[in-house]
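Numbering (the working numbering), first residue to last: 1 to 469. Working notes, structure below.
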């Protein structure tokens, strides 16, 4: 009887012992840590986009390549590792199988860069190869982070908010409220025809105008297209209006032709996508239409470059100071010199960085695609151009086939791709992290033709949509 009475007390003591309390506390800590990691994971895509927008840098300065590591590379590697812990490898492999041509074209481009560096024996320009690899790292990070369309929308929100910070820096710098140690220089106000700008010109942060213009264009497209239906990228209309004002003012303060053109294209494309949002498109028509629009846009860019070189519009050339006008004429001469050099080495190109050794003013070709084709020839140029063409087709096809928030995200991605290609026409851009994220999101949402995760069997083949609303 005494033994029976003592047994429960022994059990009670054991349950309240130090090891058992430690195990209980450890289990509680593990549960809380897991819940915290889940909350962080939910915001991972937003933080990724936010940091990408803020990770600005100059690859070219004073005619020489910088050898420092761009901040976007370690940031993207960190997010890629975090995403791999949450099934990111499966998302990457699935996206690779669904978009094999896009992946292989870029890897062929990277391989061509390595081969041509060895062939032309210009080891000093290895940063071009490193830049191609860095672009692929950011691209993979975006694919891994974009778990579904909601994560893709969250990435766009992060990019937009980060761009708004850049716009705010431009406002602060132009108003001279505080002297920012990392800010760009302030220049006198420019004159556009009869209009004299009432404030000084600055980028707000030390970067290139066209990279900033791509960010501004993507942000404005996201804000305009957030009014799409019940499921929105930005739910608060008030917050969206504030961001739109900050981004617009930041773009105006730059007083750069390129930025203005990219922002105007972003607004025009956003309005077009809004008009087309409710139009159903069949599967075959979406593919054919996407290829038609992509090829038409490519031909338009080529024709525009030829026309601009032969008869540049005076309303663009005569903007700004005499030095600015002379700068446009120099760029036209560079395009013509590039054509002569391309005819001399059409297959393998003249090699990276060699154009500045040949051109009389030691400047590069201010056209990203043309500079790449002259430098790497058809061997490096064809796969690179096809990669960009397939990215545009994939974005447009996703827009045509999807509905709801997926269609809104696809419209922003399509606009972002088109804005980037416009910026490539008058800028010697090389490594644009924002575009790498855009490409990654396009590939991620096309990984199984059903971004929201519904089974493909639930799709009505005659409605033109891949997923339910």
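Beta carbons: idealized from backbone N, C-alpha and C, even for Gly. Since this is a predicted model, take the numbers as computed values, not measurements.
- Distance from the CA of residue 212 to the CA of residue 167, rounded to the nearest whole angstrom, comes to 9 angstroms.
- Contact between residue 408 and residue 225 is confirmed by a C-beta separation of about 5 angstroms, below the 8 angstroms threshold.
- For the alpha helix (DSSP H) assignment, the uninterrupted runs of no fewer than 4 residues enclosed by the stretch 229-267 are, from N- to C-terminal side, 237-254.
- About 6 angstroms separates the Cβ atoms of residue 347 and residue 378, confirming a contact at the 8 angstroms cut-off.
- With 16 or more other CB atoms across the displayed protein chains lying within 10 angstroms of its CB, residue 157 is buried.
- When beta bridges are read from the DSSP output, residue 192 appears opposite 195.
- Setting aside the 5 residues that flank it on each side, residue 446 is surrounded in the same chain by 95, 98, 99, 394, 397, 398, each with a C-beta closer than 8 angstroms to its C-beta; the list follows chain order.
- Comparing C-alpha distances from residue 368 to each of 411, 77, 81, 432 shows the shortest one belongs to 432.
- C-alpha of residue 140 to C-alpha of residue 79: approximately 10 angstroms in a straight line.
- Taking C-beta atoms as the reference points, residue 247 and residue 164 count as a pair closer than 8 angstroms.
- In the DSSP assignment, residue 74 falls within the alpha helix (DSSP H) that extends over 72-84.
- Distance from the CA atom of residue 254 to the CA atom of residue 355, rounded to whole angstroms, is 29 angstroms.
- No Cβ-Cβ contact shorter than 8 angstroms links residue 405 with residue 242.
- Taking a contact to require three or more Cβ pairs closer than 8 angstroms, the stretch 212-223 and the stretch 258-271 qualify as touching.
- If you draw a 10 Å sphere on the C-beta of residue 25, you find fewer than 16 other C-beta atoms in it, and that means exposed.
- Here residue 209 is buried, its C-beta having at least 16 other C-beta atoms within 10 Å.
- Of the other Cβ atoms in all chains shown, 16 or more fall within 10 Å of the Cβ of residue 151; this residue is therefore buried.
- Residue 185 counts as exposed, since fewer than 16 other beta carbons sit within 10 angstroms of its beta carbon.
- For the stretch 334-384, the full-length alpha helix (DSSP H) segments reaching 4 residues or more read 355-358 along the chain.
- Across the structure, residue 75 and residue 82 are spaced so that their CA atoms are roughly 11 angstroms apart.
- Rounded to whole angstroms, the Cβ separation of residue 46 and residue 155 is 7 angstroms, and the two are in contact under 8 angstroms.
- Counted as a single uninterrupted DSSP element, the alpha helix (DSSP H) harbouring residue 150 occupies residues 149-175.
- For residue 277, no alpha helix (DSSP H) segment is defined, and its DSSP state is neither H nor E.
- Where residue 200 is concerned, there is no enclosing alpha helix (DSSP H), because DSSP gives it neither an H nor an E.
- The beta carbons of residue 214 and residue 419 sit about 6 angstroms from each other, so the pair counts as a contact at 8 angstroms.
- Exposed is the label assigned to residue 87, since fewer than 16 other Cβ atoms lie within 10 Å of its Cβ.
- With at least 16 other beta carbons inside 10 angstroms of its own, residue 286 counts as buried.
- When the Cα atoms are used, residue 400 and residue 271 turn out to be separated by approximately 16 angstroms.
- In the structure shown, residue 187 falls within a strand segment according to DSSP collapsed to helix, strand and coil.
- Contact annotation: residue 102 and residue 387 have beta-carbon atoms nearer than 8 angstroms.
- One alpha carbon belongs to residue 104, the other to residue 136, and they sit about 11 angstroms apart.
- Judged by DSSP secondary structure, residue 206 falls outside any alpha helix (DSSP H); it is assigned neither H nor E.
- A straight line joining the alpha-carbon of residue 237 with that of residue 245 spans about 12 angstroms.
- Of the residues 216, 363, 382, 436, the one whose Cα lies closest to the Cα of residue 327 is 363.
- The residue among 416, 384, 376 with its C-alpha nearest the C-alpha of residue 115 is 376.
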